[in-house]
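Read top to bottom, the protein sequences are chains A and B. Taken in order, the first sequence gives residues 1 to 401; the numbers are from the numbering used here. Taken in order, the second sequence gives residues 402 to 802; the numbers are from the numbering used here. C-beta: ideal position from N, C-alpha, C; glycine also. Owing to the predicted nature of the structure, the values given are computational and were not obtained by experimental measurement. Scroll down for the structure; my scribbles are underneath it.
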Amino acid sequence: MKSVCFYFQVHQPYRVKQYRVFDIGNDGEYFNDRSETSLNNRRILEKVAQKSYIPATKLLLALLQKHPEMRISFSFSGIALEQLERFSPEAIDLFKRVVDTGRAEVLAETYYHSLSFFYSVAEFERQVAKHREIIRRLFGVWPRVFRNTELSYRNDLASWAESAGYSGVIAEGWDPILGWRSPNYVYTPKGTSKIRLLLKNYRLSDDVAFRFSSRDWAEWPLTAEKFNTWLHEAEGDTVNLFMDYETFGEHQWEDTGIFNFLEKLPEEVFKSGQIDFKTPSDVIQAYDSRDEVDVPDTLTWADTDRDLTAWTGNPMQQAAIDAIYSLEDQIIQANDGRMLEDWRKLQTSDHFYYMCTKWFADGDVHAYFSPYESPYDAYIAYMNALSDLRLRVQKAAKGHA
Amino acid sequence: MFGWEFPPHNSGGLGVACLGLTRSLKERGVEVLFVMPKKMDIQTPYARMLYADIDGVHSIAVNSVLSPYLNTVSYEKIRGRNGSTSIYGPDLFGEVDRYRAVAGALARSEQFDVIYAHDWLSFGAGIEAKRATGKPLIVHVHATEFDRSGGAIGINPHVFNIEKQGMEAADVVVAVSEFTKQIILRSYGIPAEKVRVVHNGIDETTAPSGNGVRRMRALKDAGNKIVLFLGRITLQKGPDYFIRAAKRVLEKNSKVFFVISGSGDMEGNMMRLAVQLGISDKVLFSGFLTGNDRHEMYTAADLFVMPSVSEPFGITPLESMRLGTPVLISKQSGVSEVVKHALKVDFWDIDDMAAKMLAVVGLPALGKTLSENGREEAERITWAQAAIKVDSIVSSLVHQV
């Protein structure tokens, strides 16, 4: 018996509006763009909910009803959930119904989808705690498996997760760290004993998430039958298919046939009786660890480098990250809910990704998802907003003194 | 190839373009006979120079005060100043006619396959050469009358007619940008299939060189930032938008100097505008710079701004990028089609222009990232690439014959 483990990432950032230098000191709202552009968070959220979250979740509900053996899992960022609560209660309701089946696991992550683990473990822990609260409040469950932002992972993250009581942690199944080993087994992170490591099978995951509608791809069109054959051919205990939930209906539009693919897949998979579906927690329980995996340097899902350079690689990104985390002590001392929240919303990894200049010149739209005209515009808006936040913090500090 | 300026006898980008293209064509094995309207001291290994007032056509010598950038009003002023004698004709158009008149005889006495004419002053000569020899004609449009008039004052109908005749007579019209191609289609009614876009480039023969910053050092060491405008001070180049944006910048940051480098018919007006706005101590006029001075100005600047109202291409931002100085360019320019690592602005949006100037002088990481990526990008935009396209256009015409 072999398993397929699906995990879908649900995340939407609070994009910073075109905050100009002249707004500093005059406008304390950074995320309230009301234009017809992709900086309008409400507009984006409503669009993604309509095109992706709602139809995909309806389909999954139907599949869960039809196939009692079906299992899936989700990781929701806290800021995606709070935006959905405000702008798309229907999507929240559908997610609740899916989790209520008891056959959809919810994973742990940081509320603000941040890289805080690498800059402030104290802040990271506060964000994980806040995430546990919203998951508890909305879904009535406690997550057992941890997934860090952008699948960023290192040995010390696993150690942290183990000491925090998680039974598993998720990372990219990147060949250079695996060597001859396959991502399709359960592993033990170096420096830990009880916690288990689940690795994304990026080839099969990306066949669906990135290549599904690509007509240049030799395997196009990808059918459920064909994909099922590949799943059967894969050696190992578990094929971990981890992808953005927006794959269904947003990254791959409905007219590509992505929903039909998803609808047919479970039926195909179950036909042989050789493969079942499992959640990450099920996989950890069912299969023994095969080896220890050592990841001393940060690993992520991103591009050919699989490191953090897409978020921290250029001087702008470094300056922005330094600037946001340098405010920590003052923000915590100020103890002002609004300021704290704005500071944390500015930690979301997407902001730094928009500043990435790596693939910008190639005009590769697939590599560069951004609502800004350029990485430079993203940086300018971010730093201006941050300057305003700094003024507010300084003002508050004076008030206290 | 008919032109009218060639380094070192040039006052703007057109001569630079003629040199860059000629050299790269020569490297591809294309032999260029470069015709100038009158005898000048030009030494170049890349082309055989012909002067329309010598080489056996003395009797109808074209000894003109032609310059691509004159409008007829300033032309009359120069003629008045220089006291030119009447044998060279009463007006600019007389000079153009003279160049045209020589071209037929000149063409019949030379061996070549294709006639190539740069901009309107040489279009007449190109048409005449085609009429005399039946050889195919390519006209290369570096600027149109619509650009030169800056969109505000009316276009000169006579110049427009010469441009239109040249484009109609040509077998292929080469436009320096998509921006210019659209003007050619829209305003001159030339069929799209006849127009090819060949973007300009830059390479070591045409890039400025020098000894670095010396005289501007004191200003910089005192903690001042320098924002540079370098180009003709004419309506087309948008110097007034630059000065109005400077005013906005200085309201926020007084440690910035604005240098206007160049000459032109709006120079006096611009000096008055700076006085009117109360910023004349921060706006410096350097006059027209060449050689070392020009290089020093580029390298001393923290930001180069090209606020052109209508810029067919715009080589100066590439010069700046190659020297590692970040650029802010108008979206109404051809160069903005080819560079990504630049800040961009609508020329009329003074607030946005000021905001971006402030961002670069206030955020060192922004300038650094723009500088590093911009230098790399500019090095890839070469005349060799332009020559490949021109070569293929030339070949297609030769093979037709």
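In terms of residues, what are the limits of the beta strand (DSSP E) holding Tyr7(A)?
Lys2 to Val10
For a test of the three-state rule: what should DSSP assign to Arg407(A), helix, strand or coil?
No answer is possible for residue 407(A): it lies beyond the span of chain A, which begins at 1 and ends at 401.
Do Tyr245(A) and Gln9(A) have their C-beta atoms closer together than 8 Å?
yes
Across which residues does DSSP place Met243(A) in a beta bridge pair?
DSSP output for Met243(A) lists Phe8(A) as bridge partner(s).
Closer than 6 Å by C-beta to Met367(B): which residues in its own chain qualify, once you throw out the five before and the five after it? Chain order, please.
The shown model of chain B, from 402 to 802, leaves out residue 367(B), and the question about it has no answer.
Does the beta carbon of Phe403(A) come closer than 8 Å to any beta carbon on chain B?
Given a span of 1 to 401 for chain A in the structure shown, any question on residue 403(A) remains unanswerable.
According to DSSP, simplified to helix, strand and coil, what is Arg144(A)?
coil
Please classify Trp490(A) as buried or exposed, where buried requires at least 16 neighbouring CB atoms within 10 angstroms.
The structure shown does not extend to residue 490(A), since chain A is modelled only from 1 through 401, so no value can be given for it.
Just mark Arg446(A) as buried or exposed, buried being the case when its beta carbon has 16 or more other beta carbons within 10 Å.
With chain A covering only 1 through 401, there is no way to say anything about residue 446(A).
Spell out whether any CB of chain B is found under 8 Å from the CB atom of Arg144(A).
no
Considering Cα atoms alone, identify which of Thr581(B), Ile556(B) and Lys595(B) is closest to Ile573(B).
Residue identity differs from the one stated: residue 573(B) is Val in this sequence, not Ile. Out of Thr581(B), Ile556(B) and Lys595(B), the CA that lies nearest to the CA of Val573(B) is found in Lys595(B).
For Ala571(B), name the three-state secondary structure that DSSP assigns.
coil
Which residues of chain A have a Cβ atom closer than 8 Å to the Cβ of Lys595(B), listed in chain order?
Simply none; closest approach about 27 Å.
How should His410(B) be labelled, buried or exposed, when 16 other C-beta atoms within 10 angstroms of its C-beta is the threshold for buried?
With a 10 Å radius around the Cβ and a threshold of 16 neighbouring Cβ atoms, His410(B) comes out exposed.
Which residues DSSP lists as bridging Tyr171(A), in chain order:
Residue 171(A) is actually Ala in this sequence, not Tyr. Answer by DSSP bridge pairing, in chain order: Leu199(A).
Excluding sequence positions up to five away, which residues of its chain have a Cβ less than 8 Å from the Cβ of Val106(A)?
Ser73, Phe74, Ser75, Phe76, Val99, Ile135, Phe139, Val141 and Pro143
For Arg390(A), decide whether its Cβ has a neighbour in chain B, counting only Cβ atoms nearer than 8 Å.
no
If the criterion is Cβ atoms closer than 8 Å, does the pair Leu744(B) and Leu729(B) meet it?
yes
Start and end residues, alpha helix (DSSP H) containing Ile584(B):
Glu579 to Tyr589
Name the chain A residues whose beta carbon is nearer than 8 Å to that of Lys648(B)?
The contacting residues do not exist; Lys648(B) stays about 13 Å from chain A at best.
Are the CB atoms of Phe277(A) and Glu69(A) within a distance shorter than 8 Å?
Yes, the Cβ-Cβ distance between Glu69(A) and Phe277(A) is below 8 Å.
Neighbour-count burial assignment, Pro537(B), 16 or more Cβ in a 10 Å radius
buried
With contact counted as at least three CB pairs below 8 Å, one residue from each stretch, are the region 227-244 of chain A and the region 26-39 of chain A in contact?
Contact between the region 227-244 of chain A and the region 26-39 of chain A is absent, because fewer than three Cβ pairs lie under 8 Å.
Pull the bridge partners of Ala647(B) from the DSSP assignment, please.
Partner(s): none; Ala647(B) has no beta bridge.
May I ask you to report which of helix, strand or coil DSSP gives Gly688(B)?
strand
Taking its Cβ as the centre, do 16 or more other Cβ atoms sit within 10 Å of Trp180(A), making it buried, or is it exposed?
exposed
Check each candidate in Pro315(A), Ile332(A), Tyr19(A) and Glu263(A) and name the one with the smallest Cα separation from Leu63(A).
Glu263(A)
Can you give me, in chain order, the residues of the region 756-773 of chain B that have a beta carbon less than 8 Å from any beta carbon in chain A?
Ala756, Lys757, Leu759, Ala760, Gly763, Leu764, Pro765, Ala766, Leu767, Lys769, Thr770, Leu771 and Glu773
Can you tell me which residues form a DSSP beta bridge with Asp276(A)?
Its beta-bridge partners are Ser3(A).
Can the beta-carbon of Leu767(B) be found less than 8 Å from the beta-carbon of Tyr379(A)?
yes
Give the single residue among Ile716(B), His742(B) and Ala760(B) whose Cα lies nearest to the Cα of Val417(B).
Ile716(B)
Answer yes or no: does any C-beta atom of chain A fall closer than 8 Å to that of His742(B)?
yes
Whole-angstrom distance between Ser88(A) and Leu94(A), CA atom to CA atom
Distance between Leu94(A) and Ser88(A), taken at the CA atoms: about 10 Å.
Once the 5 residues before and after Lys395(A) are set aside, which same chain residues still bring their CB inside 8 Å of it?
none
Taking a cut of 7 Å between CB atoms, which residues from the region 623-654 of chain B lie near chain A?
Lys653
Confirm, please, whether the CB-CB distance from Thr348(A) to Ser114(A) is below 8 Å.
yes
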